[in-house]
Each structure stands twice: as structure tokens, then as C-alpha cells.
Amino acid sequence: MSNRRSLKQRILKIALGAALSAQIVAFGVAPAALAAAKASAVTVDGVGQSAWTPIVKDGAVYAPLSGLSASLGAVGKYDGATKTISIQQGKRVIVLQIGAKTAKVGGVKSALGNAALLIDKTPYVPVRFVTEALGGSLAWNAAKPAYEIDTRLHAFAADGHTSFINVYGESVIAATYGIASDFSGGFARVKQGDAYGYLDRSGKLAIPVQFDDAYDFSEGLAVVRQDGKAGYIDRAGQVVLSPDYDELYDFSEGLALVRKGDSFGYIDKSGKLVIPAQYEDAFYFSGGLAAVQIDGSYGYIDKTGKLVIPAKYQSVSDFKDGLALVQTLVNQPGETVEESTGVFGYLNAKGEFAIPAQYVEGYSFSNGLAAVELDSGVAFIDKTGKVALQTAYAEVGDFGDGLAAFEQGGKYGYINKKGEVVIQPQFDIADRFERGLAHAVKGDVEGLINAKGTFVAQGKYVAPPASEAEGK
């Protein structure tokens, strides 16, 4: 079992025929955590923003118009004579008035909980309202502490070209390139001809198309291959590391996995090999620990390379929410189980079973819950091991955005965390919701659906060749 990321993310190759949503929801209502938070750092799609700092006023988070607009890949303008603010991203336009409690989004009037402000002649806009009006989301991370903005843009391929759409199905960045990935670390990989480059959120080609192969950005660096050599580039597109290994992987928690021959190790951002290439298999660091394979079994090392959890498990996962899924041949009572199956349980960072090894099948935690297989069907447990949701379904996917796909009568729908069916079974393929949308197939239609089960971008479904479908 390995969690090394695929370097070629799946791109939806379907004909564009999007039914664009024109409805506007109520934006800008700040939850208590946001309202109570003080001015702090801000990230956009995981990238820290140093050019501007948010402020909190009257229980709402504000940002300077120019800074927020640029970070979101939008164009912000201010007319001092009329005190009018306009923010445009793609065809979507937001219009606000300094001091006014209403705004217009796409020409539709919307209530505004907190009016735009003028501070020292600089226009400030409510971050939550603007972000959500453009299809994004805003959250407060008390652990960092920082405000976290997710633009929720999705790569969507149509007629051989990939555009970027928001959660309303509107094209934000036009279809210019044949292949493109979702944004990661502030950039999206694009392919033109046989070479790769990187777009920024404004749609500008920030790093020219020049690489034979390219990976997503992670922790400010991305792996690229050019003229037969692999290395790491920074956000300016400059090669900053060219370590001599057979394979390079993303940085995670300051260390990157590398392969030399058949063995794996870890380097730091100076390129120094800090953990020798000595493992049969290895995972990314998560929560200060990384899973490694020694003599056919898995355990966990810390960042010094010390084996802190013995290598005695058949398969393992990353730590998520402080717990890691492991498969063992010895159940919690200490009985040996069949080698062909094993049982699954969840370890804490001390290597103790926080949730006993007792499940025939188990899955990693997602949205605070983990799916396990019981005789009565798939159930979801919380971090204490308590069954939070028992379903009657034999096939249920992970929760994403509070929804999980399930199968009934050969069709797929979605349930919420209460087990309530919120999208009726109707799809032939239904993937996990991520950042507001999910990929789905219904008959000869393939596209992206929203939380109501409505296609916001769609086209004709073309089944993959049999060999590809079978994973050959």
C-alpha cells in the first residue's frame, strides 16, 4: 500500500455543455469562530499571502480590495467619485458600494451583512462575502492561526481543451490548453504540445511551457523533468534543487521522498539526504511520522529516521486526524487471523490501538469519520471507535463536503452524516465530493454535480477502453 501521489491527475475529458447556475445564495454570514478571530495570516489554496493582511471589524473579516482581488485571480476596481467597487472573475461581476448593506452579484441583488469600508482612502471588502460570491470558501484555522481561503476552481476538459470553472459551472479561465490539472500551491499544470508549464489563478502563464514532465507544487516546490534530468523548481520557475536520484516526489512537512534503485529515503530542502535510502516502500510524512516498509512489513519513522512504531503491519495509511489505519494478522484479543485477510484497526502516534483491530475492512478518516465494514453493512465510526452512523448499504464511499456516495439497486446517490439520502440514487458513477463538486456519470452524460445532484458542467460520456477500465 502506498500513498505517493499520481503525477498525472485525472482530467475530465467530456464535451462542454454546461447548464450554468444563475441563483445566488445568501453570502457573507460569518460563523462565530470567524467573528471572534483577530487579524492574522491568510492563505489562498494553501499558499500564504504576504502582500496583505486581513483585519476584523464589527465581527467580519475584511481585506484590501486590490490584495484580495489579486489573490483570487480577479480584477478589482474602485471608483472614488461614486464610491463603487467592482470585482470581476470570468464573467461574474460583484458590485458593492462603500457603506451599503446590499450588493449585486451577476446583476442580482444580494443582502450584505457587513458593508464595504474606506480606511485611510483604501477600499476594504468583506472577505467571506466576496469569496463565496466567486464560488470559494473561507475558514478559520485556530491551530496556525490563519484564515484559509479555498477558491474551489475545478479543471474541466471539453472538446480537447481544459478550462477552469467555479462551483456554479461558470468558466473562470478560458479553455486554452489541451491538458491542465487543478490548482495546487497557487499554480495549475498545463500542457501545450509535448511540454508543460504553469498557470497562476489569473490565467496568466506564470512559468513558461518548457518541461518534458511536471508535477504539482507542494510546499513551494514542484518536481519537473527537462532534457532527461529531474529537479525541483521554485515559484519563479527556477531550478533550485537537482538531486541525483532515480525518482523524486513531493515535499511534505519539510522532507521529500526519493528513490534510489529499489530503496526509498528522504531529503530536506537543501537536497541533503537526511534519512538514508534503505526502505522497500515509503510514504509521505504526516503528523511528524511516515510509514516505511522493512522486510515486507510496515512501521513508522520520525523525522530523524528513528523507527518509533515497529514494522509489523501488512498495510498502513497516513496519519489523519491523529489516527492511522493499519492491517494486522493479530486482532485485539491477541488471536492470529487468516494471513489472506487480516483485520483493520487504528493506531495513535504512540503506536497504540486507539480503535481495536477488529474490522474485516477499514478506511482512513475523512471529515471526522471512517468507514468500516460490519456484518450489518458499512458503518462510520468516530475517533473513539463509536459507531456514529450505521448504514444498510454494502457500498459507501468516503465523506467529502459532508456527503458520501452509496450504491442501491445498481445506481449511486449520496447520503449526509445523519444517513439521510440527499441525492437520490441515479448515477452510474459517483465520485467523492471535493471543494463543492463531484464527478458523476448518468447514462450518456458525464460532468460535475453540486450538492443538490445537479450537473453544473456536463458533456457526453465516453467509456474508457476495456484495458484502461480494468487497470491494465
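Letter by letter, the sequence shown follows residues -35 to -1, 1 to 437 in mature numbering (1 follows the signal peptide of the UniProt record, and there is no 0). Just so it is clear, CB atoms sit at the ideal spot from N, CA and C, and this is done for glycine as well. Remember, predicted model here, so these are calculated numbers, not experimental data.
Residues bridged to residue i (per DSSP)
i                 : result
glycine 196       : Val189
phenylalanine 121 : Ser128
glutamine 14      : Note: glutamine 14 sits in no beta bridge, so no partner.
lysine 285        : Leu288
valine 9          : Val12 and Ile114
proline 88        : Leu83
arginine 57       : Gln54
proline 429       : Per DSSP, none; premise fails for proline 429.
glycine 41        : Ile52
residue 438       : This structure cannot speak to residue 438, because the chain is shown only from -35 to 437.
Expected contact under 8 Å - CB spacing of residue i and residue j to nearest Å
i              : j             : result
alanine 247    : valine 257    : 5 Å
glutamate 212  : valine 223    : 7 Å
glycine 408    : alanine 422   : About 16 Å; that fails the 8 Å criterion.
alanine 319    : leucine 288   : 6 Å
serine 36      : glutamine 14  : 5 Å
glycine 362    : aspartate 347 : In fact, because the Cβ distance is near 18 Å, the residues do not count as touching under 8 Å.
isoleucine 172 : glycine 202   : 4 Å
alanine 314    : glycine 252   : 6 Å
residue 438    : glycine 264   : Outside the modelled stretch of the chain, which goes from -35 to 437, sits residue 438, for which no answer is possible.
Residue i burial status per 10 Å Cβ neighbour count (16 or more: buried)
i              : result
glycine 374    : exposed
isoleucine 232 : buried
alanine 39     : buried
lysine 156     : buried
glutamate 360  : exposed
glycine 64     : exposed
threonine 67   : exposed
valine 352     : exposed
isoleucine 394 : exposed
glutamine 243  : exposed
leucine 272    : exposed
alanine 221    : buried
alanine 108    : exposed
aspartate 215  : buried
lysine 417     : exposed
glutamine 292  : buried
valine 427     : exposed
glycine 378    : buried
proline 88     : buried
glycine 424    : buried
residue 440    : Not covered by the structure: residue 440. The range shown for the chain is -35 to 437.
proline 226    : The residue you asked about is not proline; residue 226 is glycine in the sequence shown. Answer is exposed; the Cβ neighbour count stays below 16.
isoleucine -22 : Summary for isoleucine -22: the model assigns pLDDT 31, below 50, so the residue's position carries little reliability; its value from the coordinates is reported in the next sentence. So isoleucine -22 ends up on the buried side.
alanine 357    : exposed
glycine 219    : exposed
Check: residue i C-beta below 7 Å from any heavy atom of the ligand MN
i            : result
arginine 400 : Among the components of this structure there are no ligands whatsoever, and the ligand MN is therefore not found.
C-beta neighbour in chain B for residue i, strict 8 Å
i           : result
glycine 365 : Absent from the structure: chain B. Only one protein chain is present.
Starting from the N-terminal side, write out each stretch of the beta strand (DSSP E) that is 3 residues or longer and does not extend beyond the stretch 228 to 254.
DSSP runs (the beta strand (DSSP E)) wholly in the stretch 228 to 254: 228 to 232 and 238 to 244.
Which runs of the beta strand (DSSP E) at least 3 residues long sit entirely within the stretch 359 to 397? Give them in chain order.
Whole beta strand (DSSP E) segments, 3+ residues: 369 to 373, 376 to 380 and 386 to 392.
Return the chain-ordered ranges of every beta strand (DSSP E) run that is complete within the stretch 137 to 184 and spans a minimum of 3 residues.
Fully enclosed beta strand (DSSP E) runs of 3 or longer: 153 to 157, 160 to 164 and 170 to 176.
Take every Cβ of the stretch 170 to 182, pair it with every Cβ of the stretch 150 to 161, and state whether three or more of those distances are shorter than 8 Å.
Verdict: yes, contact present.
Are there three or more Cβ pairs, one per stretch, closer than 8 Å when the stretch 86 to 101 is compared with the stretch 129 to 141?
Contact between the stretch 86 to 101 and the stretch 129 to 141 is present, because at least three Cβ pairs lie under 8 Å.
Can you find at least 3 beta carbon pairs, one from the stretch 137 to 146 and one from the stretch 108 to 123, that sit closer than 8 Å?
Contact annotation: the stretch 137 to 146 touches the stretch 108 to 123, with at least three C-beta pairs closer than 8 Å.
I'd like to know if the stretch 185 to 195 and the stretch 39 to 59 are in contact, where contact means that at least 3 CB-CB pairs between them fall below 8 Å.
Here the stretch 185 to 195 does not lie against the stretch 39 to 59, with fewer than 3 beta-carbon pairs under 8 Å apart.
I'd like the ranges of any beta strand (DSSP E) spanning at least 3 consecutive residues and lying wholly in the stretch 326 to 356.
Fully enclosed beta strand (DSSP E) runs of 3 or longer: 335 to 339, 342 to 346 and 352 to 355.
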